[in-house]
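Inspection log for the structure reproduced underneath, given as structure tokens.
Protein chains: 10
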Amino acid sequence: MPTTAYVLIEAASDKAKNALKAITKIPGVKMAHAVTGPYDIIAFVEASDVDALGRVVLSKIRTITGVTKTLTCVAIDIR
Amino acid sequence: MPTTAYVLIEAASDKAKNALKAITKIPGVKMAHAVTGPYDIIAFVEASDVDALGRVVLSKIRTITGVTKTLTCVAIDIR
Amino acid sequence: MPTTAYVLIEAASDKAKNALKAITKIPGVKMAHAVTGPYDIIAFVEASDVDALGRVVLSKIRTITGVTKTLTCVAIDIR
Amino acid sequence: MPTTAYVLIEAASDKAKNALKAITKIPGVKMAHAVTGPYDIIAFVEASDVDALGRVVLSKIRTITGVTKTLTCVAIDIR
Amino acid sequence: MPTTAYVLIEAASDKAKNALKAITKIPGVKMAHAVTGPYDIIAFVEASDVDALGRVVLSKIRTITGVTKTLTCVAIDIR
Amino acid sequence: MPTTAYVLIEAASDKAKNALKAITKIPGVKMAHAVTGPYDIIAFVEASDVDALGRVVLSKIRTITGVTKTLTCVAIDIR
Amino acid sequence: MPTTAYVLIEAASDKAKNALKAITKIPGVKMAHAVTGPYDIIAFVEASDVDALGRVVLSKIRTITGVTKTLTCVAIDIR
Amino acid sequence: MPTTAYVLIEAASDKAKNALKAITKIPGVKMAHAVTGPYDIIAFVEASDVDALGRVVLSKIRTITGVTKTLTCVAIDIR
Amino acid sequence: MPTTAYVLIEAASDKAKNALKAITKIPGVKMAHAVTGPYDIIAFVEASDVDALGRVVLSKIRTITGVTKTLTCVAIDIR
Amino acid sequence: MPTTAYVLIEAASDKAKNALKAITKIPGVKMAHAVTGPYDIIAFVEASDVDALGRVVLSKIRTITGVTKTLTCVAIDIR
Chain R
1 MPTTAYVLIE AASDKAKNAL KAITKIPGVK MAHAVTGPYD IIAFVEASDV
51 DALGRVVLSK IRTITGVTKT LTCVAIDIR
Chain P
1 MPTTAYVLIE AASDKAKNAL KAITKIPGVK MAHAVTGPYD IIAFVEASDV
51 DALGRVVLSK IRTITGVTKT LTCVAIDIR
Chain Y
1 MPTTAYVLIE AASDKAKNAL KAITKIPGVK MAHAVTGPYD IIAFVEASDV
51 DALGRVVLSK IRTITGVTKT LTCVAIDIR
Chain X
1 MPTTAYVLIE AASDKAKNAL KAITKIPGVK MAHAVTGPYD IIAFVEASDV
51 DALGRVVLSK IRTITGVTKT LTCVAIDIR
Chain S
1 MPTTAYVLIE AASDKAKNAL KAITKIPGVK MAHAVTGPYD IIAFVEASDV
51 DALGRVVLSK IRTITGVTKT LTCVAIDIR
Chain W
1 MPTTAYVLIE AASDKAKNAL KAITKIPGVK MAHAVTGPYD IIAFVEASDV
51 DALGRVVLSK IRTITGVTKT LTCVAIDIR
Chain E
1 MPTTAYVLIE AASDKAKNAL KAITKIPGVK MAHAVTGPYD IIAFVEASDV
51 DALGRVVLSK IRTITGVTKT LTCVAIDIR
Chain C
1 MPTTAYVLIE AASDKAKNAL KAITKIPGVK MAHAVTGPYD IIAFVEASDV
51 DALGRVVLSK IRTITGVTKT LTCVAIDIR
Chain G
1 MPTTAYVLIE AASDKAKNAL KAITKIPGVK MAHAVTGPYD IIAFVEASDV
51 DALGRVVLSK IRTITGVTKT LTCVAIDIR
Chain H
1 MPTTAYVLIE AASDKAKNAL KAITKIPGVK MAHAVTGPYD IIAFVEASDV
51 DALGRVVLSK IRTITGVTKT LTCVAIDIR
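Protein chains in written order, with this note's numbering: chain R, 1 to 79; chain P, 1 to 79; chain Y, 1 to 79; chain X, 1 to 79; chain S, 1 to 79; chain W, 1 to 79; chain E, 1 to 79; chain C, 1 to 79; chain G, 1 to 79; chain H, 1 to 79.
Below, the structure is given as structure tokens:
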């Protein structure tokens, strides 16, 4: 079963739009939205396991121009 | 076009599990996960417009036992 | 010229709806909305001067059941 | 019915005045004030829907010189 | 030369008014105001030295009903 | 009746001393002290009304070299 | 490969000692220490996958008397 | 060589005075003061090693009536 | 008995990967992981005593390129 | 009777060591330690009165290279 996470992203004041475009194209990003509130973008990411997921965040999302901070919230199945 | 939002939810330390069960059953909640990190549950909610969305959060999610705080991040289409 | 202020209000998780109703009826409250994000309600208040404004917040808004915190941001004309 | 929001804005210490002037001229900004307290400017914005509203914030307000942070609080009708 | 301090005071939502009345009567409190913003009351206190000042805060201000938190900012002459 | 406010000021680590000197000379600043605690300087300001007060903070205090942040707490007469 | 996480735990002021004892006995908790600083206890937990890990935190750690808050930091292999 | 630490202590609004008295009597507490600012009491503690020091904080300081939070800052010799 | 600590590390958005590699090679670092949540890396460090431990953090970890902040949580044996 | 204070100091990530050396040499600094936790250095300072103490912090400690923030907690004798 794959691992999923919500990635709460802060972006530089005037670069959120381009950052969102770049995030949307990253493989594993199932959906991503600009959002109102304290975060600028929220992405829902899926990967084969938590390590692959971490690599998407660290190597892909955090290296995009304008992304200043990410907070990864890993989904857990607690049924 | 419907309005969507990520609702970041904090729950009482020992009630997150039951709160998640109740949230999952609310109409309009498209997905909801227990998550690691500073929030306890994240729900992705869809409604006909932002007012309907607000009613889901205020009348449904925030009245569930164990839910102590919610932060609604409304998705915006910025293309 | 009257003084105006935005009052950013936090409310108990399950009482925001009734608190908003009560706030809307307070004389001097020109508009009030439930809002998404870290605050629950924002009210735009007008009074004859800053003292009258303070009395609206302290004697009226803060004594409403469910209101837990208020942050008054007084508008200033800087033209 | 249009969507409205309060946009809480932080501005660079010495640029709040010019930022406010520029914000006031943006179509959709119904009112905007310099304010006392933790935020520097609060704008009340109206748009056809939440997406149009998001575009006003991201493409117009956040690209103004001196604006360093925005927090959009979308109004919801909970009657 | 006496020591002075600004005491930034938080008060329970519905008790700020009576707390202010009580604070105003404390010997050494040169002025005190209800204020807008994150604090509820600010008092300017004068005492013979920093120890006497601390006693005013701890034994007088902090024991008043409705006072929940105080932050004492001691004035220093840096000329 | 004039309007008064406490302005809580943060200053760059090595510029608080000169900033205080400059603040003390601003018309309307009734007293100003370097202080211990989370703020660096607190000024007590008086002006004819809240707009004039806002202009003192935005045009005078916030443009002084070394001032990095201000938080204006407007005094309100709640008797 | 199993999933591991650091769980940063806050405990009621006078119950940290007993909470630590109980945490140490939970299967999957590889090590746990009382610590200095803003957290009271840090536990290093191992489970078969992120869901099993989440269940340890939610069903075991968060239900222990004296545990008031947990922050789970999932380890990710980014080599 | 013994281990030392500064323990930054928050106390209930009206119990700081008695808490300080009790803290002063704890063996290993070399000095303790009521202080201005965000903390209420700061204690300088010495013990044979970091474990003994932790026991002083957890078993002695944190069990005193009125102590609500402690933050232990262990001194390190970095010469 | 050696002293151990969890070091909670924040790293520049695009340098966490290389910082982790460098941290892993530091003598005394028993394990280190990139992690999800508010911190970027958590290292578990062992040294002969608390002073040696402090030197590892200050002279080794904090001088690595990309490390912006560290929070050392010293383990204490409270049995 | 002299006035004393604990000065809680934050330092740039790689300059804490040299900053501590410089702080230790300042007249009036009775002891100073690098510490674990959210602050980097804590100094215990003694001066003839609170004004002299403020001058030590503002003119001496805050002008040292690498010192980014100070929080002065003045000791008060509340017996």
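C-beta atoms are modelled at their ideal positions from N, C-alpha and C, and glycine is treated no differently.
#### Entry: Distance, R:Ile78 Cα to P:Val29 Cα
Here residue 29 of chain P corresponds to residue number 29 of the second sequence, with the count starting at 1. Here residue 78 of chain R corresponds to residue number 78 of the first sequence, with the count starting at 1. A direct Cα-to-Cα measurement between P:Val29 and R:Ile78 gives close to 18 angstroms.
### Message
Give me the subset of the stretch 18-44 of chain R whose CB atoms are less than 8 angstroms from a CB atom of chain G, sorted by chain position.
### Response
For the stretch 18-44 of chain R, the set of positions with a beta-carbon nearer than 8 angstroms to some beta-carbon of chain G is empty.
### Message
Can you tell me whether C:Asp51 sits near the ligand NAP, meaning its C-beta is under 8 angstroms from at least one heavy atom of the ligand?
### Response
As presented, the structure is devoid of all ligands, the ligand NAP included, so that no description of it is given.
#### Entry: Distance between G:Thr72 and G:Arg4 (C-alpha atoms, nearest Å)
The residue you call residue 4 of chain G lines up with position 4 of the ninth sequence. The residue you call residue 72 of chain G lines up with position 72 of the ninth sequence. Sequence check: residue 4 of chain G is Thr here, not Arg. Cα to Cα, the separation comes out at about 10 angstroms.
#### Entry: Close Cβ partners of H:Val67 (< 7 angstroms) along its chain, the five nearest in sequence each way excluded
Taking the first residue of the tenth sequence as position 1, residue 67 of chain H is located at position 67. The answer, listed in chain order, is Ile9, Ala11, Ala19 and Ile61.
### Task
With a threshold of 16 other CB atoms inside 10 Å of the CB of Y:Thr36, please say whether the residue is buried or exposed.
Here the question's residue 36 of chain Y lines up with position 36 in the third sequence. So Y:Thr36 counts as buried.
### Task
Return the CA-CA distance between X:Lys17 and H:Leu53, expressed in angstroms with no decimal places.
For the purposes of this step, residue 17 of chain X is taken as residue 17 along the fourth sequence, with counting starting at 1. For the purposes of this step, residue 53 of chain H is taken as residue 53 along the tenth sequence, with counting starting at 1. Roughly 37 angstroms between the two C-alpha positions.
### Query
Mind checking G:Thr70: buried by the 16 CB within 10 Å criterion, or exposed?
In the ninth sequence, counting from the first residue as 1, residue 70 of chain G sits at position 70. Buried, because 16 or more other Cβ atoms sit within 10 Å of the Cβ of G:Thr70.
### Query
Are the beta-carbon atoms of W:Pro27 and W:Val56 separated by less than 9 angstroms?
Within the sixth sequence, numbered from 1, the residue matching residue 27 of chain W stands at position 27. Within the sixth sequence, numbered from 1, the residue matching residue 56 of chain W stands at position 56. Pairing W:Pro27 with W:Val56 gives a Cβ-Cβ distance under 9 angstroms.
### Task
Could you spell out the range, first to last residue, of the alpha helix (DSSP H) harbouring S:Val29?
Residue numbering aside, residue 29 of chain S sits at position 29 when the fifth sequence is read from its first letter. First-last for S:Val29: Val29 to Val35, but that is the beta strand (DSSP E), not the alpha helix (DSSP H).
### Query
To which residues of the same chain is X:Val74 closer than 6 angstroms at the C-beta, ignoring the five residues directly before and after it?
Looking up residue 74 of chain X in the fourth sequence gives position 74. Result list for X:Val74: Ala5, in chain order.
### Query
Mind pulling the chain Y residues with CB within less than 9 angstroms of P:Gly54?
For the purposes of this step, residue 54 of chain P is identified with residue 54 of the second sequence, where counting begins at 1. Those are Ala34, Val35 and Thr36, listed as they occur along chain Y.
### Task
Name the two residues that bound the continuous beta strand (DSSP E) containing H:Ala47.
On the tenth sequence, residue 47 of chain H is found 47 positions in, with the first residue counted as 1. That run of the beta strand (DSSP E) goes Ile41 to Ala47.
### Message
Considering just the uninterrupted stretch of the alpha helix (DSSP H) at Y:Lys17, what are its terminal residues?
### Response
Position 17 of the third sequence, counted from the first residue, corresponds to residue 17 of chain Y. Here the alpha helix (DSSP H) through Y:Lys17 covers Ala16 to Thr24.
### Query
What are the start and end residues of the beta strand (DSSP E) that includes X:Leu8?
Taking the first residue of the fourth sequence as 1, we reach residue 8 of chain X at position 8. Run containing X:Leu8: Thr3 to Ala11, per the beta strand (DSSP E) assignment.
### Limits of the unbroken beta strand (DSSP E) element including R:Val74
Counting from one through the first sequence, the residue named residue 74 of chain R turns up at place 74. Annotation for R:Val74: the continuous beta strand (DSSP E) segment containing it runs Val67 to Ile76.
### Query
Is there a Cβ from chain E that is less than 9 angstroms from the Cβ of R:Leu58?
On the first sequence, position 58 is the one that residue 58 of chain R refers to. Interface flag for R:Leu58 against chain E is set, since a Cβ pair is found closer than 9 angstroms.
### Message
On a Cα-Cα basis, can you pick out the residue from C:Glu46, C:Asp51, C:Asp40 and C:Asp49 that is closest to C:Ser13?
### Response
Within the eighth sequence, residue 13 of chain C is the residue found at index 13, counting from 1. Ranked by Cα distance from C:Ser13, the first of C:Glu46, C:Asp51, C:Asp40 and C:Asp49 is C:Asp40.
### Query
Does DSSP put E:Ile61 in a helix, in a strand, or in coil?
On the seventh sequence, residue 61 of chain E is found 61 positions in, with the first residue counted as 1. Three-state result, E:Ile61: helix.
#### Entry: P:Lys91 burial status per 10 Å Cβ neighbour count (16 or more: buried)
In the structure as shown, chain P begins at 1 and stops at 79. Residue 91 of chain P is therefore absent and cannot be evaluated.
### The alpha helix (DSSP H) enclosing H:Val56, as first and last residue numbers
Here residue 56 of chain H refers to the residue found at position 56 when the tenth sequence is read from its first residue. No alpha helix (DSSP H) holds H:Val56; DSSP gives it neither H nor E.
### Task
Identify the contact partners of R:Lys15 in chain G, using a Cβ-Cβ distance below 9 angstroms as the criterion.
Residue 15 of chain R sits at position 15 when you count from the first residue of the first sequence. Within chain G, no C-beta atom comes nearer than 9 angstroms to that of R:Lys15; the closest sits roughly 13 angstroms away.
#### Entry: 9 angstroms Cβ cutoff met for S:Thr65 and S:Ala34
Translated into positions along the fifth sequence, residue 65 of chain S becomes position 65. Translated into positions along the fifth sequence, residue 34 of chain S becomes position 34. In this structure, S:Ala34 does not lie closer than 9 angstroms to S:Thr65 by Cβ.
### Task
Confirm, please, whether the CB-CB distance from G:Val7 to G:Val45 is below 9 angstroms.
The residue labelled residue 45 of chain G in the question sits at position 45 within the ninth sequence. The residue labelled residue 7 of chain G in the question sits at position 7 within the ninth sequence. G:Val7 is positioned such that its CB atom lies closer than 9 angstroms to that of G:Val45.
### Query
Between X:Ile42 and Y:Thr24, what straight-line distance do the alpha-carbon atoms span, to the nearest angstrom?
Position 42 of the fourth sequence, counted from the first residue, corresponds to residue 42 of chain X. Position 24 of the third sequence, counted from the first residue, corresponds to residue 24 of chain Y. In a straight line, the C-alpha of X:Ile42 is about 20 angstroms away from that of Y:Thr24.
### Query
Does any CB atom of chain S fall closer than 9 angstroms to the CB of W:Ala67?
To locate residue 67 of chain W, count along the sixth sequence from 1; it is residue 67. For the sequence presented, residue 67 of chain W should be read as Val rather than Ala. Judged by the 9 angstroms Cβ criterion, W:Val67 is not in contact with chain S.
### Query
If you check the beta carbons only, do H:Ser48 and H:Pro2 fall under 9 angstroms apart?
By one-based count along the tenth sequence, residue 48 of chain H stands at place 48. By one-based count along the tenth sequence, residue 2 of chain H stands at place 2. Going by beta carbons, H:Ser48 and H:Pro2 fall inside the 9 angstroms limit.
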